[in-house]
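Below: the structure, in structure tokens.
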Amino acid sequence: MEGIKLKLSTRILAGLVLGIIAGALLNAFLPGQVKAIDHYVLSPVGQAFIRIIQFIVVPVVFTSLIIGLTSLQGTGKIGSYTLKLLPLYIITSAVALAIGMVTAYLLKPGTGVSITDVGQGPGKVQKGQSLVDWLISIVPTNPFEALSTANLLQVIISAILIGVAMNLVKEKAKPFLALVESVYSIVERILQIILKVAPIGVFALMASVIATQGFGVVNKLFMYILGLILALAIMGVVYYLILLMVGARPNNFFKSFFPSFSLAFGTASSNAALPVAMDNAGNRYGMKREIASFALPFGTALKRDGAAILQGFNALFVAQFFDVHITASLIIAVFVSALLVSFSTAGVPGAGIIMMTTVLSAAGLPLEGIAIVAGVDRLTDGFRTALNVIGNVANAAVIDRWNK
Ligand code: ASP
Numbered sequence: 105m106e107g108i109k110l111k112l113s114t115r116i117l118a119g120l121v122l123g124i125i126a127g128a129l130l131n132a133f134l135p136g137q138v139k140a141i142d143h144y145v146l147s148p149v150g151q152a153f154i155r156i157i158q159f160i161v162v163p164v165v166f167t168s169l170i171i172g173l174t175s176l177q178g179t180g181k182i183g184s185y186t187l188k189l190l191p192l193y194i195i196t197s198a199v200a201l202a203i204g205m206v207t208a209y210l211l212k213p214g215t216g217v218s219i220t221d222v223g224q225g226p227g228k229v230q231k232g233q234s235l236v237d238w239l240i241s242i243v244p245t246n247p248f249e250a251l252s253t254a255n256l257l258q259v260i261i262s263a264i265l266i267g268v269a270m271n272l273v274k275e276k277a278k279p280f281l282a283l284v285e286s287v288y289s290i291v292e293r294i295l296q297i298i299l300k301v302a303p304i305g306v307f308a309l310m311a312s313v314i315a316t317q318g319f320g321v322v323n324k325l326f327m328y329i330l331g332l333i334l335a336l337a338i339m340g341v342v343y344y345l346i347l348l349m350v351g352a353r354p355n356n357f358f359k360s361f362f363p364s365f366s367l368a369f370g371t372a373s374s375n376a377a378l379p380v381a382m383d384n385a386g387n388r389y390g391m392k393r394e395i396a397s398f399a400l401p402f403g404t405a406l407k408r409d410g411a412a413i414l415q416g417f418n419a420l421f422v423a424q425f426f427d428v429h430i431t432a433s434l435i436i437a438v439f440v441s442a443l444l445v446s447f448s449t450a451g452v453p454g455a456g457i458i459m460m461t462t463v464l465s466a467a468g469l470p471l472e473g474i475a476i477v478a479g480v481d482r483l484t485d486g487f488r489t490a491l492n493v494i495g496n497v498a499n500a501a502v503i504d505r506w507n508k
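Residue numbers for the sequence shown, in our numbering: 105 to 508.
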């Protein structure tokens, strides 16, 4: 079994690498045909893969959380996990954000770049949701709506309510629990089937990005891309050290969760990587089921180190680009708004860029900055999504370790 699973990681990695190579070749040698190939082959295959993997996100989260809750000694444990996870999330996100801002401050990716270099004028800017609206929106009004709209926090709250009530009604909940367990087994099986085509999916996604964007765009905002990836990598190292400190076997951690991290990179969607992360937690890393079934969906809904870094780094880039003086109050405004925004960024491709309006507005920075970086967003999205998943899973691993 282990052999098959290792082969899966290798196959996903091969899909990623071959996709990048194929994309680069298409971009270089068939520039005239790229649009059609992408439109009729690469994009449809890639999008179909993201869609089919999302097919199981809601059933996996809903059923595994109910199974986890009903197997706990008392549901009080969910409260205690939440109380440990939230401060950990805030502290690690603040560290990530600080790393992003310091990197931008030191590397100065925005100085010396002009609109003509970047080749993009001010474009249309999409507005993000306000924080208060977001807070209200996590409370479900209808369990079926929560499930059908795949609103993760609403699904979690619904599952907790149902799980708590199931524990209270005891015997009468048994048939429903049997149903939930049966659904969970079926969904797990569907995941195994979907994973067989994962290498093709990530191949198409990577080839699509590189073929249509090419590496030319990298030159224009070279320091922006490099600085952002550097900050994300530093935070990855910080997580390695945290796991080492708490004795959570960091090497084993990165190896066990590699399939979910590489899928996050390939799909640029934390949501799409969630079912695989849950599978890796139980079958490869050996995380306690009740922790994995709650902490991983909870973190997928909330925890975004990559988004925190993006917002902090990007805001300073925009300030440098437009020659805005960086004052202490600007730094505080960016820090506070980026931290909050990181918790409400959705786990889908390109979510981070939509949330930039909130941070730039809070700091009084020009929203035109968003149009300038929009062209390279997809190139960095894979890196930040990989860190989003690493951070989420690492925080769960810390709690898992503390409970052992
Ligand atoms: N794509 C990221 C994710 O799914 C969110 C972002 O755009 O930063 O986690």
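Quick reminder that beta carbons are idealized off the backbone N, C-alpha and C, glycines included.
Any chance the CB of Val452 is under 8 angstroms from a heavy atom of ligand 1? Stepping through the sequence shown from its first residue, residue 452 is reached at position 348. Indeed, a heavy atom of ligand 1 lies less than 8 angstroms from the Cβ.
Below 8 angstroms, is the gap between the Cβ of Leu239 and the nearest heavy atom of ligand 1? Reading the sequence shown from its first residue, position 135 is the one you call residue 239. Incorrect: Leu239 has no Cβ contact closer than 8 angstroms to ligand 1.
Write down every uninterrupted run of the alpha helix (DSSP H) in the segment 118-180 whose length is 4 residues or greater and which is fully enclosed by it, in chain order. 138-141, 147-158 and 161-175
What residue from Pro163, Leu129 and Ile194 has the CA that sits closest to Arg408's CA? The residue given as residue 408 occupies position 304 in the sequence shown. For the residues Pro163, Leu129 and Ile194, the minimum Cα distance to Arg408 belongs to Ile194.
To the nearest angstrom, how far is it from the Cα of Gly495 to the Cα of Ile329? Numbered from 1 along the sequence shown, position 391 holds the residue referred to as residue 495. Numbered from 1 along the sequence shown, position 225 holds the residue referred to as residue 329. Taking the straight line from one Cα to the other gives about 20 angstroms.
Alpha carbon to alpha carbon, how far is Ala258 from Thr431? Counting from 1 along the sequence shown, the entry for residue 258 is found at position 154. Counting from 1 along the sequence shown, the entry for residue 431 is found at position 327. The question names Ala, but residue 258 is Gln in the sequence shown. Distance between the alpha carbons of Gln258 and Thr431 is about 39 angstroms.
Do Gly456 and ligand 1 come close, with the Cβ less than 8 angstroms from some heavy atom? Taking the first residue of the sequence shown as position 1, residue 456 is located at position 352. Yes, Cβ of Gly456 sits closer than 8 angstroms to a heavy atom of ligand 1.
Go through the segment 230-273 residue by residue and report every complete run of the beta strand (DSSP E) that reaches 3 residues or more, in order. none
Taking the alpha helix (DSSP H) that Asn375 belongs to, which residues open and close that run? Stepping through the sequence shown from its first residue, residue 375 is reached at position 271. Asn375 -> alpha helix (DSSP H) spans Ser374 to Asn384.
Less than 9 angstroms between the C-beta atoms of Gln317 and Leu112, yes or no? The sequence position of residue 317 within the sequence shown is 213, counting from 1. The sequence position of residue 112 within the sequence shown is 8, counting from 1. The answer is no: Cβ separation not under 9 angstroms.
Would the beta-carbon of Asp485 be found less than 8 angstroms away from any heavy atom of ligand 1? Your numbering for residue 485 matches position 381 in the sequence shown. Checking the Cβ of Asp485 against ligand 1 gives yes.
Taking three-plus beta-carbon pairs below 8 angstroms as touching, is the segment 301-317 in contact with the segment 141-161? yes
Residues in its own chain within less than 6 angstroms of Ile203 by CB, not counting five upstream and five downstream? Along the sequence shown, one-based indexing puts residue 203 at 99. Taking C-beta separations shorter than 6 angstroms and ignoring five residues to either side along the sequence, the partners of Ile203 in its chain run Ala335, Ile338 and Met339, following chain order.
Measuring CB to CB, does Ile116 end up less than 9 angstroms from Val313? For the purposes of this step, residue 116 is identified with residue 12 of the sequence shown, where counting begins at 1. For the purposes of this step, residue 313 is identified with residue 209 of the sequence shown, where counting begins at 1. Contact flag unset, no.
Contact check, Ile182 vs Phe398, beta carbons under 9 angstroms: If you number the sequence shown from 1, residue 182 lands on position 78. If you number the sequence shown from 1, residue 398 lands on position 294. Result yes, Cβ atoms of Ile182 and Phe398 sit closer than 9 angstroms.
May I ask you to check if the CB of Gly410 is nearer than 8 angstroms to at least one heavy atom of ligand 1? In the sequence shown, the residue the question calls residue 410 occupies position 306. Flag set: Cβ of Gly410 near ligand 1.
My understanding is that Ala396 touches Leu464, with C-beta atoms under 8 angstroms, so please give their C-beta distance in whole angstroms. As a position in the sequence shown, residue 396 is number 292, starting the count at 1. As a position in the sequence shown, residue 464 is number 360, starting the count at 1. Not a contact, Cβ separation roughly 36 angstroms.
When the Cα atoms are used, what is the spatial distance from Leu169 to Phe402? Position 65 of the sequence shown, counting from 1, holds the residue named residue 169. Position 298 of the sequence shown, counting from 1, holds the residue named residue 402. Distance between the alpha carbons of Leu169 and Phe402: 10 angstroms.
Do Gly473 and Val549 count as a contact pair if the criterion is CB distance below 9 angstroms? Beyond the ends of the chain as shown, which are 105 and 508, falls residue 549; an answer cannot be given.
For Thr253, does the count of other Cβ atoms within 10 angstroms reach 16, so buried, or fall short, so exposed? The sequence position of residue 253 within the sequence shown is 149, counting from 1. Thr253 is exposed by the Cβ-count criterion.
Three or more C-beta pairs below 8 angstroms linking the segment 363-378 and the segment 485-502: yes
What span of residues does the alpha helix (DSSP H) with Tyr288 cover, start to end? The count along the sequence shown starts at 1 and reaches residue 288 at position 184. First-last of the alpha helix (DSSP H) with Tyr288: Lys278 to Lys300.
Rounded to whole angstroms, what's the CA-CA distance from Ile476 to Lys188? Just pull it up for me. By 1-based counting over the sequence shown, the position of residue 476 is 372. By 1-based counting over the sequence shown, the position of residue 188 is 84. Cα-Cα distance, rounded: 39 angstroms.
Measuring alpha carbon to alpha carbon, tell me which of Leu348, Pro470, Trp506 and Phe369 ends up nearest Met391. Position 287 of the sequence shown, counted from the start, is the residue given in the question as residue 391. Checked all of Leu348, Pro470, Trp506 and Phe369; the closest Cα to Met391 is Trp506.
Same chain, Cβ closer than 6 angstroms to Lys139, five either side skipped, listed in chain order: Position 35 of the sequence shown, counting from 1, holds the residue named residue 139. Excluding residues within five positions, none has a Cβ falling inside 6 angstroms.
Would you identify the three-state DSSP class for Gly454, choosing helix, strand or coil? Counting from 1 along the sequence shown, the entry for residue 454 is found at position 350. Coil, per DSSP.
How many Å lie between Ser262 and Met349 at the Cα? Indexing the sequence shown from 1 puts residue 262 at position 158. Indexing the sequence shown from 1 puts residue 349 at position 245. Straight-line Cα distance between these residues: approximately 35 angstroms.
Do Thr461 and ligand 1 come close, with the Cβ less than 8 angstroms from some heavy atom? On the sequence shown, position 357 is the one that residue 461 refers to. Thr461: no, Cβ never under 8 angstroms from ligand 1.
Are three or more beta carbon pairs between the segment 288-295 and the segment 117-136 nearer than 8 angstroms? The answer is no - the segment 117-136 does not touch the segment 288-295, with fewer than three Cβ pairs under 8 angstroms.
Is Leu414 close to ligand 1? I mean its beta-carbon at under 8 angstroms from any heavy atom of the ligand. In the sequence shown, residue 414 corresponds to position 310, counting from 1. Yes, Cβ of Leu414 sits closer than 8 angstroms to a heavy atom of ligand 1.
How is Ser448 classed by DSSP in three states: helix, strand or coil? Position 344 of the sequence shown, counted from the first residue, corresponds to residue 448. Ser448: coil per DSSP, three-state reduction.
For Ala198, collect the residues of the same chain with a Cβ closer than 7 angstroms to its Cβ; drop the 5 residues on either side in sequence, then sort them by chain order. Position 94 of the sequence shown, counting from 1, holds the residue named residue 198. Correct list, in chain order: Leu443.
On the criterion of 16 or more Cβ atoms from any shown chain inside 10 Å, does Phe133 qualify as buried, or is it exposed? Position 29 of the sequence shown, counted from the first residue, corresponds to residue 133. Exposed: under 16 other Cβ atoms inside 10 Å.
Would you check if the distance between the CB atom of Phe357 and the CB atom of Ala501 is smaller than 9 angstroms? The sequence position of residue 357 within the sequence shown is 253, counting from 1. The sequence position of residue 501 within the sequence shown is 397, counting from 1. Yes; because the gap between Cβ atoms is below 9 angstroms, this pair is in contact.
Neighbour-count burial assignment, Ile108, 16 or more Cβ in a 10 Å radius: To locate residue 108, count along the sequence shown from 1; it is residue 4. Note that Ile108 scores 44 on pLDDT, short of 50, meaning its location in the model is unreliable and no value can be drawn from it.
Nearest CA to the CA of Gly89: which residue from Gly351, Met310 and Val341? Missing from the structure shown is residue 89; the chain here goes from 105 to 508 and no further.
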